[in-house]
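Asks: Each step along the sequence shown adds one to the number in numbering that gives the first Met the number 0, with nothing skipped, and position 253 is 252.
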Amino acid sequence: MKKVMQVWPIILNKEETTNINETYFFDFTDNKEENCALKIDNGTCQYIDGKPESHTIKITIKTTDWIAILAKELEIKKAITDGKLSIEGNDDYLEKFEKYFSGDPNGTQVNIDNYIFTENEKEILEGKWKKPKKVLALIGSPRGERGGTAILYSIFKQGLDESGCEVDTVYLKDLENKTCKGCFTCWYGKDKKCVHKDDVYDLIHKLTNYDLLVLAAPVYVDGLPGALKNFFDRTISLLDPEFVVKDDHCRHPCRYPKMPHIVLLSPCGFTEKDNFYPMVDHVKEICKNMHLTYLGEILVPAIWILANPNLQPLFMSTFKAIKQAGTEIIATGKIADETNKQISKEIFTRGQLFSVHNRESH
0 MKKVMQVWPI ILNKEETTNI NETYFFDFTD NKEENCALKI DNGTCQYIDG
50 KPESHTIKIT IKTTDWIAIL AKELEIKKAI TDGKLSIEGN DDYLEKFEKY
100 FSGDPNGTQV NIDNYIFTEN EKEILEGKWK KPKKVLALIG SPRGERGGTA
150 ILYSIFKQGL DESGCEVDTV YLKDLENKTC KGCFTCWYGK DKKCVHKDDV
200 YDLIHKLTNY DLLVLAAPVY VDGLPGALKN FFDRTISLLD PEFVVKDDHC
250 RHPCRYPKMP HIVLLSPCGF TEKDNFYPMV DHVKEICKNM HLTYLGEILV
300 PAIWILANPN LQPLFMSTFK AIKQAGTEII ATGKIADETN KQISKEIFTR
350 GQLFSVHNRE SH
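1) Could you round the C-beta distance between residue 298 and residue 209 to whole angstroms and report it? I think they count as a contact, below 8 Å.
2) For a minimum of 3 consecutive residues, which ranges assigned as the beta strand (DSSP E) are wholly contained in the stretch 40-84?
3) With a floor of 4 residues, list each alpha helix (DSSP H) that falls wholly inside the stretch 110-162, ordered by position along the chain.
4) Among 147, 228, 294, which one has its Cα closest to the Cα of residue 330?
5) Can the beta-carbon of residue 211 be found less than 8 Å from the beta-carbon of residue 260?
6) Hey, residue 182 and residue 199: beta-carbon distance below 8 Å or not?
7) Excluding five sequence neighbours on each side, which residues of the same chain lie with their C-beta closer than 7 Å to the C-beta of residue 18?
8) Can you list, in chain order, the residues of its chain whose CB lies under 6 Å from that of residue 112, leaving out five sequence neighbours each side?
9) For residue 309, count neighbouring Cβ atoms within 10 angstroms of its own Cβ and tell me buried if that reaches 16, exposed if not.
10) By DSSP, does residue 269 sit in helix, in strand, or in coil?
11) Are the stretch 80-90 and the stretch 121-133 touching by the rule of at least three beta carbon pairs closer than 8 Å?
12) Which residues bound the alpha helix (DSSP H) around residue 380?
13) Drop a sphere of 10 angstroms on the beta-carbon of residue 379, count the other beta-carbons inside from all chains shown, and report buried for 16 or more, exposed for fewer.
14) Kindly identify the DSSP beta-bridge partner or partners of residue 21.
15) Buried or exposed: where does residue 6 fall if 16 or more other Cβ atoms within 10 Å of its Cβ makes it buried?
16) Give the DSSP-derived three-state secondary structure of residue 253 in the structure shown.
17) Does the Cβ of residue 114 have 16 or more other Cβ atoms within 10 Å, making it buried, or fewer, making it exposed?
18) Among the candidates 21, 64, 87, whose CA atom is the shortest distance from the CA of residue 47?
19) Per DSSP, what kind of secondary structure is residue 91 in: helix, strand or coil?
20) What beta strand (DSSP E) runs, 3 residues minimum, are completely inside the stretch 159-237?
21) Could you name each continuous alpha helix (DSSP H) segment of 4 residues or more that falls completely within the stretch 274-313, going from the start of the chain to the end?
22) In whole angstroms, give me the CA-to-CA distance for residue 349 and residue 270.
23) Taking the alpha carbon of residue 319 as the reference point, which residue from 214, 171, 353, 151 has its own alpha carbon closest?
Following this line, the structure appears as structure tokens:
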């Protein structure tokens with residue numbers, strides 16, 4: 000019980016306790032050795048082991064019942080009614096205790112001038128687009144250069160190249176990419192670095208040098224392929240462990256002043272566009288947490304058509320639009336709706352695709 004109560008000074012609401020002087024004495028009837036007190040003094044709180052010299056409020060209760068109250072399993076009013084809790088002192092205790100120890104309700108609030116907004120985030124918020132000069136493309140397909148993802152990326156890269164960008168292409172399957180251990184050495188260790196000194200370690204710490212990150216990956220079981228997901232698991236080393244509030248949501252602040260913008264390029268074997276939605280939503284959430292700025296997506300359904308050389312000419316207009324998307328994303332920071340419609344249009348109906356693919360699968 001003492002260990003639990005020692006945490007309570009940390010969650011003191013300083014705004015609510017300015018000019019407040021109260022001492023709460025907890026008399027635990029089932030274990031007197033756990034008795035303790037919380038002394039509030041003008042916005043600060045001190046934990047006192049045992050009975051204090053004086054107190055303004057005395058709470059008499061069993062340790063198990065007090066734990067139930069703190070865990071929101073037992074209401075204070077019901078505990079009093081049932082005779083499990085008695086109070087001596089200020090009649091306003093019920094309201095005051097919950098208010099005084101409510102923590103900081105807003106966390107660390109941030110605004111456009113606060114450090115939590117990286118340069119790329121400010122750029123989007125202020126509507127001041129700067130053409131990316133350095134681009135990193137991560138190819139997350141386990142098939143590497145042999146897959147449909149690589150074909151689509153090569154077309155997209157033509158648009159990037161013609162826009163004058165310096166493009167570095169990395170196939171994750173070729174890198175040593177150890178799994179995150181969840182040890183948090185990158186947060187709390189002496190040097191605050193990841194314990195894995197592998198290829199991905201080097202890549203992650205170069206990430207902040209780029210203006211744009213291209214994620215090229217197929218849909219694998221409704222999400223990112225494992226190598227790419229593991230890459231993002233490792234990027235928590237770019238964040239600080241503290242909690243802050245951004246857009247009314249808990250986040251970790253970024254350790255670096257700049258992160259890249261991001262665009263997603265993804266093919267899928269199925270015909271329906273909604274097969275991409277879980278991955279798109281996931282990448283958007285990753286961007287929020289990693290202080291990346293999401294620019295848009297290029298989604299190509301029914302990629303199996305590319306596996307048949309006889310049908311590849313049907314993709315020519317799609318290829319043209321994908322290249323156009325590469326130039327648009329550099330010039331404006333977004334992909335035109337008409338370009339995206341051309342990219343994701345239905346080339347083969349479901350029935351046509353089934354007839355060709357299912358026959359070739361046997």
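By construction, the Cβ of each residue, glycine as well, lies at the ideal position given by its N, Cα and C atoms.
Replies: Considering the structure as presented:
1) With 8 Å as the limit, residue 298 and residue 209 do not qualify as a contact, their Cβ atoms being about 23 Å apart.
2) 43-48, 56-60
3) 118-124, 147-161
4) 294
5) yes
6) no
7) 41
8) Residue placement at residue 112 cannot be trusted, given a pLDDT of 43 that sits under 50; the coordinates are not used to answer.
9) exposed
10) coil
11) no
12) Lying before the first or after the last residue shown, residue 380 is absent from the chain, which here runs from 0 to 361.
13) There is simply no residue 379 to check, as the chain begins at 0 and stops at 361 in what is shown.
14) Checking the DSSP bridge columns, you'll see residue 21 partnered with 39.
15) The residue is exposed, with fewer than 16 neighbouring Cβ atoms inside 10 Å.
16) strand
17) Residue placement at residue 114 cannot be trusted, given a pLDDT of 48 that sits under 50; what the coordinates show is reported in the next sentence. Around the beta-carbon of residue 114, fewer than 16 other beta-carbon atoms lie within 10 Å, marking it exposed.
18) 21
19) coil
20) 165-170, 211-215
21) 276-289
22) 6 Å
23) 151
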